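First the structure, in the form of structure tokens, and then the observations on it.
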Amino acid sequence: MTSTSATGVESVFRSLIQHLDEQDWDEVERRVQPIIDYNGQALAATVFFAAESNSLSPGMKLHRKLDTIIVDTSSNAVAARYINIAGSLDSAPEFQEIIFAWFVDNRLARWQSLRDEAGSEPQHSAVPRTPTPIGALSSRHDGLDLKELYKAYITSINEKTMERNFERFCQPGLEHNGRRLTITEYIPLISDSQDAIQNLHFHIEELLVDEETQQIAARLEFTGTPVREWGGAKPNGNSVKFHENVMYQLHEGKIARVWSVIELNVYRQQLSR
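Those letters in the sequence shown? Residues 76 to 348, per our numbering, in order.
This is how it looks when you write it as structure tokens:
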């Protein structure tokens, strides 16, 4: 498999999304491998199209607006954050979706997406946008290995050394899903889950980087055994496994912005059995 230029991969991805939203099967088929890995399942392209077309209530149309995109040319892959509206553009609530997509010969081969179910509830009429153009924030840090930086960041989380080490990885002030936080305020977003889920382990399943825009995207797998209420569910003695799709914008070599979607529906389902 040969790598494709950033412009080429992004163009194919944008075109695929456009035709999915238009429900134009003929054009989608031209951009999808006959068999693809769709959210961990091997599906025929026709089933992928049907799954995306039927992901909402009957008669409801999905409107997607691209907010942020990462292109990893070495992997022929993209990660993208979309602001979605299901229904009327004037009145329907919004929710975010983070999609990972890999291409072979300019056709979709793998697709992993997570939608923020909490964000689609009526009280969330709008979700935050990326406020600053990527180019104005990225500030390249030549010589920095983004993948190794991120692996060290996750190691610090797993080893619970965040208070000591996060100044190496994060700007003093950063944004998480639109909220402005200090490092001291950011750490509890992670440590609270560690307190609630015994032996919580962060595993990097997928890792994409965009050196040009200084962005990182990861799909994380979480495992552990809940011991107190978290994420809207009470522990029942069962262990859990769930995921997060997350995108990071770096500035001067440190995390300045985070967009995250956590698979809370799966987490809750495992604790309702």
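C-beta atoms are modelled at their ideal positions from N, C-alpha and C, and glycine is treated no differently. Nothing here was measured: the structure is a model prediction, and the numbers come from that model.
E280 versus T148: straight-line alpha-carbon distance, rounded | 18 angstroms
Span separating the alpha-carbon of F178 from that of R185 = 7 angstroms
Closest by CA to P109, which one among A119, I337 and I229?
-> A119
Between the region 231-240 and the region 304-314, do three or more beta carbon pairs fall short of 8 angstroms?
-> no
If I'm right that L264 touches G299 with Cβ under 8 angstroms, what's the distance once you round it to whole angstroms?
-> Going by Cβ atoms, the distance from L264 to G299 rounds to 16 angstroms, so no, they are not a contact pair.
Going by beta carbon distance, what residues of the same chain come within less than 8 angstroms of G194, once the five residues before and after it are set aside?
-> Bear in mind that a pLDDT of 48 at G194, under 50, signals an unreliable position, so the number given afterwards is only what the model happens to contain. Here the set comprises P168, E169, F170, Q171 and V202.
Supposed close pair R332, E250 - CB separation, criterion 8 angstroms | 5 angstroms
Do R139 and D96 have their C-beta atoms within less than 7 angstroms of each other?
-> yes
Cβ neighbour criterion (16 or more within 10 Å) applied to P301 | buried
Inside the region 221-269 only - alpha helix (DSSP H) runs reaching at least 4 residues | 221-233 and 237-244
So, using beta-carbon positions, are Q187 and R294 closer together than 7 angstroms?
-> yes
Nearest candidate by alpha-carbon position, reference N252, set I158, F124, R303 and N313 | I158
Buried or exposed: where does N320 fall if 16 or more other Cβ atoms within 10 Å of its Cβ makes it buried?
-> buried
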